[in-house]
Every structure is written in C-alpha cells, then in structure tokens.
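Under my numbering, the sequence shown has 319 at position 135, and the numbering climbs by one with no breaks. Using N, Cα and C, we set each Cβ at its ideal position, and we do this for glycine too. Predicted model only: the values in this text are computed from it and were never measured.
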Amino acid sequence: MGGWLIVDIAILVLVWLLNIALLVVHVAKLVAMRREERAARTDSDTDSDTKPDTSWLQSDLYVDGDDWELYDVWWRRTAGWIEVEYGVANWLPGQHEYRNDFIRVFQRGVGLEEESVRVSRVLLKGAEIRFVQTFLARDGSTPVIQADSSYMG
C-alpha cells in the first residue's frame, strides 16, 4: 500500500512540474510578443528612400468626451504619409458606433488630406478599440494632431 502512495505522489509531482513548465512557456511567449510589439512601435529602419522616418512618436493628445475617451495617440511618418494610431473607449450604456475619423492633422497650419479607409465599429459600454488614420504629408515638418471638432459638441 505504501508503494502505491509513493507512485501517486510521484505522479502528482510530475503533473505539477509539467504545469509549471507550460506556464513558463506561455509567459515566455507573452514576453516575446510584447517585445515584438515594442520593436514595431520603435521601428528604426534606416532606408531613407522608402521610409524616411518610421519611429512611432507619442502625441500628448487626450480627450475626455464624458461618454467617450480618446487616448494613447501615436504617430509616424512613412514615405510621404503620416499615420496616426489611437484608442477610443465608449462609456455610454448599450451599443454605440464609432468610426476612425476622430483625428485631424495639420502641417504649417494647413489641414492634411486623409487617405484612410473609413472603418466603423460598434462598442458596448466599457469597450475600447484602436483606430488608424493615414494622411498625405505636405513636407517634413512636425504635424499638429487634433481631435475633430465635430466630436467636441
């Protein structure tokens, strides 16, 4: 009887060790994914012919619209384009539709032409989404990123 108890304990210990090993593998995968995401945000490709500046820069734009929120705004310049990525959170009860048209970008006081494909998503209360908008850059000057005034009323 005592021999079977030892075998049972040994099996439990092996199962426990396998679970720990699986946990370590999953954590390692998550860490690797986070590193890849971070590397993609700070991509520093030096090929100036195709990507003059691909580093993501953070904007200080933040809007608390009472029933929605615009936050975590990043932008980068890529081959004549300015890409802006941002988060939107819905605080209204029920379902509400949001589009990727929250942002306007200016260079030297002139509004840039948007080249994005319009995307709509329905969000429940507390849901968040990330949108991207792309604008045709005028020159190499630093863009001014603002929330579209139609959302401020």
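**OP:** Return the CA-CA distance between valine 268 and leucine 214, expressed in angstroms with no decimal places.
**Re:** Here the question's residue 268 lines up with position 84 in the sequence shown. Here the question's residue 214 lines up with position 30 in the sequence shown. Cα to Cα, the separation comes out at about 26 Å.
Subject >> Rounded C-alpha distance that separates leucine 202 from histidine 210 >> reply: Translated into positions along the sequence shown, residue 202 becomes position 18. Translated into positions along the sequence shown, residue 210 becomes position 26. Leucine 202 and histidine 210: Cα-Cα distance of roughly 12 Å.
**OP:** Please confirm whether isoleucine 266 and tryptophan 259 have their CB atoms less than 9 Å apart.
**Re:** Residue 266 sits at position 82 when you count from the first residue of the sequence shown. Residue 259 sits at position 75 when you count from the first residue of the sequence shown. It is a contact, given that the beta carbons lie within the stated cut-off.
**OP:** Evaluate tyrosine 255 with the Cβ neighbour count: other Cβ atoms within 10 Å of its Cβ, from every protein chain shown; 16 or more gives buried, anything less gives exposed.
**Re:** In the sequence shown, counting from the first residue as 1, residue 255 sits at position 71. Tyrosine 255 comes out exposed.
Subject >> Beta-carbon separation (whole angstroms), tryptophan 252 vs asparagine 274, contact threshold 8 Å >> reply: Stepping through the sequence shown from its first residue, residue 252 is reached at position 68. Stepping through the sequence shown from its first residue, residue 274 is reached at position 90. Under the criterion of beta carbons closer than 8 Å, tryptophan 252 and asparagine 274 qualify as touching, at roughly 6 Å.
**OP:** Report the residue from Asp250, Arg218 and Gly295 whose alpha carbon sits nearest the alpha carbon of serine 325.
**Re:** Translated into positions along the sequence shown, residue 325 becomes position 141. It is Gly295.
Subject >> Backbone secondary structure at asparagine 284 - three-state DSSP >> reply: By one-based count along the sequence shown, residue 284 stands at place 100. Three-state DSSP puts asparagine 284 in coil, outside helix and strand.
**OP:** With DSSP as the reference, label alanine 273 as helix, strand or coil.
**Re:** To locate residue 273, count along the sequence shown from 1; it is residue 89. Looking at alanine 273 - three-state DSSP - the assignment turns out to be strand.
Subject >> Helix, strand or coil at glycine 295 according to DSSP, with G and I counted as helix >> reply: By one-based count along the sequence shown, residue 295 stands at place 111. If DSSP states are grouped into helix, strand and coil, glycine 295 belongs with the strands.
Subject >> Reduced DSSP secondary structure (H/G/I, E/B, other) of tyrosine 255 >> reply: In the sequence shown, residue 255 corresponds to position 71, counting from 1. Residue state, collapsed to three classes: strand.
Original post:
So, is aspartate 192 buried or exposed, given that buried needs 16 or more other C-beta atoms within 10 angstroms?
Top reply: Along the sequence shown, read from residue 1 onward, the residue named residue 192 stands at position 8. Looking at its Cβ environment, which holds fewer than 16 other Cβ atoms inside 10 Å, aspartate 192 is exposed.
**OP:** Could you round the C-beta distance between phenylalanine 319 and valine 289 to whole angstroms and report it? I think they count as a contact, below 8 Å.
**Re:** Along the sequence shown, read from residue 1 onward, the residue named residue 319 stands at position 135. Along the sequence shown, read from residue 1 onward, the residue named residue 289 stands at position 105. Indeed they touch by this definition, with Cβ atoms about 5 Å apart.
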